[in-house]
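Undergrad: The sequence shown: position 123 = 129 (this note's numbering), numbered continuously. Using N, Cα and C, we set each Cβ at its ideal position, and we do this for glycine too.
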Amino acid sequence: MQSPLYELNNVIFESGNFRPLDVKKFEVHRGTVYSISGKPGSGKTVFLDVLSRNLRHSSGEIKFESKDISQVSNSELSDQIAFVRQINKAPRWTTVESYILKVLDSYSHTRNEKKKRLARIINQMEIKHLLDRPMRKLTPGQLRWVILSAMIAADAKVLLIDEIEQHLSPDAVNNLVRILYRKSNYDGITVIITTQNPEILKKIVTIFITMNSGRITSVRSAKKPRKYNKRKKPNQNNKKD
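1. Are the Cβ atoms of N129 and E67 separated by less than 7 angstroms?
2. Spatial neighbours of R226 within its chain, please: CB distance less than 6 angstroms, with the 5 preceding and 5 following residues excluded, ordered by chain position.
3. Give the secondary structure of I199 by DSSP, where H, G and I count as helix, E and B as strand, and everything else as coil.
4. Under 7 angstroms, do V5 and I87 count as touching if we go by C-beta distance?
5. Buried or exposed: which applies to A125, given that a residue is buried once 16 or more other Cβ atoms fall within 10 Å of its Cβ?
6. Is the beta carbon of E33 sitting closer than 7 angstroms to the one on E20?
7. Using DSSP with H/G/I as helix, E/B as strand and the rest coil, what is R123?
8. For R36, name the three-state secondary structure that DSSP assigns.
9. Tell me whether the segment 199-208 and the segment 128-142 touch, counting them as touching only if at least three CB pairs, one residue from each stretch, are closer than 8 angstroms.
10. I'd like to know whether the C-beta of F19 is nearer than 7 angstroms to at least one C-beta of chain C.
11. At a cut-off of 6 angstroms, is T212 close to the ligand GDP when judged by its beta-carbon and the heavy atoms of the ligand?
12. Between R59 and the rest of its own chain, which residues show a CB-CB distance below 7 angstroms, the 5 nearest in sequence each way excluded?
13. Please determine, among A156, E71, M157, G44, the residue with the shortest C-alpha to C-alpha distance to S9.
14. Work out the CA separation of K108 and S175 for me, nearest whole Å.
15. Quick one: grab the DSSP three-state call for T101.
16. Is it buried or exposed for W151, if we count other Cβ within 10 angstroms and need 16 for buried?
17. Can you tell me which residues form a DSSP beta bridge with K31?
18. Between the Cα of N23 and those of S64, K69, A162, H135, spot the shortest distance and give me the residue it belongs to.
19. What is the DSSP secondary structure of L144, counted as helix, strand or coil?
20. Rounded to the nearest angstrom, what separates Y192 and Y105 at their Cα positions?
21. Can you tell me whether DSSP reads K238 as helix, strand or coil?
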C-alpha cells in the first residue's frame, strides 16, 4: 500500500494569540480530489498555505512523501506543488503566452516540453485569443483563468486551488471541473480545492472536508462513484468575467 502524500499530526499554526489552524490528524492520498469548505475565516486558506509551506506551522508534524516537510528543500517542494491562490497580482511586462511558458520552465518535469504543454492547455482552456494580451490588461476573471491554465499545465504532483469559483462564471467552473477530473483520474494528480459551495464539485470530489475555527469538523467520502458525461461546449460569452 502506498504511503500518503501528506501526513499531518497535531499541526498547529499560531499568529499571536490567534490559532487559525489546529489539525489533530489527517492524511492526503495520491490521485485523490479533496474539497475543503467552511465559512470565511474557518482556516481553509491557512491549511493550503501550510501544505505548500507558504506558512511554517508552529508545532506538530507534517510529512510530505514520508519525509518531514521541514527537511524538504524549497526547490524540491516547489517542483511538486502548483498553487492557485485567491489573490494574484498580474506581472506588468509579460504576455499571457510568456507567463505560461515561464511557469512551465520553473518545473523540471515540464521544462523540456513546454511548447507541447502550452499547445495542449491552450486547447483545453480555450485561451488562444488571450495569448498576445498583456497580463496586466486582463480582467480579474481572465487573469484567474490564465493562472489556472498555467498551474494545470505544470502537472505538479499536487494542485492546490483556493476558492475555485472566484471570478468565474458557472460555465467556467463546469469546464474547469471536467479538466480537473481528467487530471486526477488519468494523470494521477492530487487536487485539493477550497470552496464556499462544495456542491459544484460533487462530480469529481472523493473526500469532502468541512472546517470551522481552524479545525477539521467533518470528513466524508463521496456517496456516488465519479463519472463524467461527454464534454459540453461552454458558453463563450459567460465563461470568464
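TA: Looking at the coordinates:
1. no
2. F214
3. strand
4. Lying outside 7 to 247, the shown extent of the chain, residue 5 is not represented and no answer is given.
5. exposed
6. no
7. helix
8. coil
9. no
10. Here there is only one protein chain, and chain C is not present.
11. Absent from the structure shown: the ligand GDP. Ligands present: none.
12. I75, L83
13. E71
14. 27 angstroms
15. strand
16. buried
17. N15
18. S64
19. coil
20. 26 angstroms
21. Because the pLDDT at K238 is just 47, under 50, the model does not fix this residue reliably, and the value given afterwards should be weighed accordingly. Three-state result, K238: coil.
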